[in-house]
Amino acid sequence: MTHSIAILGASGYTGAELVRLIAGHPSIEIKALSADRKAGQTMAEVFPHLRHLDLPALVKIEEIDFGQIDLCFCALPHKTSQAVISALPRDLKIVDLSADFRLRDPAAYEKWYGNPHAALELQKEAVYGLTEFYRDEIRSARLVAGTGCNAAAGQFALMPLVKAGVIDLDDIIMDLKAAVSGAGRSLKENLLHAELSEGYHGYSMGGTHRHLGEFDQEFTKAAGRDVRVQLTPHLLPANRGILMTCYVRGDAQEIHDTLAKAYADEPFVLTLPFGEAPSTHHVRGSNFCHVGVVADRLPGRAIVVSAIDNLTKGSSGQALQNANLMLGEDETSGLMLAPIFP
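Per the UniProt record's numbering: the sequence shown = residues 1 to 342.
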């Protein structure tokens, strides 16, 4: 059976990544692609690396016949998806890649994103899209909210540990390094080559990063008590990749064993041998996540590191993984591409 899909916001990085992945999917066909400023252009004009594919031209959202669509990927900017998705058919399956439905508490959404939630009824049915921890709920969902890429990296490193209670929940320090494509494709002065390259700096420091809302929500739910982590993000002069380094209190070997057991049957999350740490190089362009544990020289402390590609496992690959479940396909379909190296 072939499923017809639409991608809204196909002219952005996550939209292009969805197209790249779906091109190798055996049972999904792209029927419609939307863009705003680039409507009327072809994908070959917007993304020349996709010119070999036979794709529909970019159109405005209102030009799409959703009656012919089985599932819609919504790769629109934050604060846009709520209004757009509210206007879509109520029986249409949707995977939203924005932040608009990630936070279950409307007050938390307003706190972290600065405006009231505009689709409260839809929020009630949205399922958080971290596949490895919400697989059953995603399979039967109509609306799935893709996670933040940084939030995904942190949860892969720590979620099984929070659930098992093998680390001190009051002493978690997360040090994030994120590549520039996570900031999107729009022009920003601080992302110009001359201002970004050959440098490395922190941003959203002191507990202001929006993905903290997801950590608060998911770790608190997993632990059954309030959990607040300390997070410092840094911007790397690289195109792809997230490296999340977590400093925790606990027995390093027990921490490694807990992660290895939790991910033993997961197709995309690999626990490295004890004492090894991952690299963004080793997951680039793939839907894989590598997690490593290293014992600290200080007794009772450990370092947990995860690496993902922010555009794939952190966003578009995660979205396709969720769509596979929603459409009754094999979860790994179209996603077993080996990482690109070097």
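Ideal Cβ placement from N, Cα and C applies to all residues, glycine included.
A quick note: this is a predicted structure, and the numbers were derived from the prediction, not measured.
Identified DSSP bridge partners for residue i
i             : result
isoleucine 61 : Partner(s): none; isoleucine 61 has no beta bridge.
lysine 93     : Leu71
glutamate 29  : Ser4
leucine 243   : Lys177 and Ala307
proline 233   : Leu176
serine 34     : Leu8 and Val59
leucine 335   : Leucine 335 is not bridged to any residue.
histidine 290 : Leu270 and Ala307
histidine 201 : Leu235
Span separating the alpha-carbon of residue i from that of residue j
i                 : j              : result
tyrosine 247      : valine 283     : 22 Å
leucine 55        : alanine 99     : 27 Å
valine 46         : serine 11      : 7 Å
aspartate 168     : glycine 182    : 30 Å
glycine 184       : tyrosine 13    : 7 Å
threonine 208     : histidine 52   : 42 Å
leucine 122       : glycine 275    : 44 Å
alanine 44        : histidine 193  : 24 Å
arginine 139      : lysine 177     : 32 Å
glutamine 155     : cysteine 149   : 10 Å
glutamine 41      : serine 86      : 26 Å
aspartate 226     : isoleucine 255 : 21 Å
lysine 93         : histidine 117  : 21 Å
methionine 244    : isoleucine 28  : 32 Å
alanine 32        : alanine 57     : 8 Å
isoleucine 69     : glutamate 137  : 22 Å
aspartate 309     : proline 339    : 9 Å
aspartate 91      : glutamate 198  : 49 Å
arginine 249      : threonine 2    : 49 Å
phenylalanine 215 : glycine 224    : 13 Å
glutamine 217     : aspartate 170  : 15 Å
Cβ pair residue i, residue j closer than 7 Å
i                 : j              : result
glycine 334       : histidine 49   : no
alanine 222       : lysine 163     : yes
proline 160       : alanine 262    : yes
alanine 179       : asparagine 239 : yes
serine 186        : proline 233    : no
serine 286        : leucine 337    : yes
glycine 9         : leucine 88     : no
phenylalanine 101 : isoleucine 7   : no
histidine 290     : alanine 307    : yes
alanine 39        : valine 19      : no
alanine 157       : valine 304     : yes
isoleucine 5      : leucine 71     : yes
leucine 235       : histidine 201  : yes
alanine 152       : glycine 328    : no
alanine 295       : alanine 323    : no
aspartate 65      : serine 81      : no
Cutoff 6 Å; reference residue i; Cβ partners in own chain excluding five residues on either side
i              : result
proline 267    : Thr332
tryptophan 112 : Arg210 and Gly213
glycine 292    : Leu272, Glu276, Ala277, Pro278 and Val305
alanine 23     : Leu53
Cβ-based neighbour list, residue i, same chain, cut-off 7 Å, excluding 5 preceding and 5 following
i             : result
leucine 21    : Ser316, Gly317, Leu320, Gly334 and Leu335
leucine 191   : Val180 and Ala183
leucine 311   : Tyr13, Thr14, Glu17, Ser181 and Arg240
isoleucine 61 : Leu8, Ser34 and Val84
alanine 258   : Here residue 258 turns out to be threonine, not alanine, going by the sequence shown. Contacts found: Pro160, Leu161, Ala164 and Val166.
histidine 281 : Phe341 and Pro342
tyrosine 134  : Val127 and Tyr128
Residues near residue i in its chain [Cβ-Cβ closer than 8 Å; skip 5 each side]
i             : result
glutamine 230 : Ile172, Ile173, Met174 and Gly207
leucine 196   : Val180, Asn190, Leu235 and Pro237
aspartate 330 : Asn324
- [ ] Tell me, please, whether the segment 296 to 312 touches the segment 94 to 113 by the rule of three or more beta-carbon pairs shorter than 8 Å.
- [x] no
- [ ] Report yes or no: do the segment 143 to 150 and the segment 127 to 135 share at least 3 C-beta pairs separated by less than 8 Å?
- [x] yes
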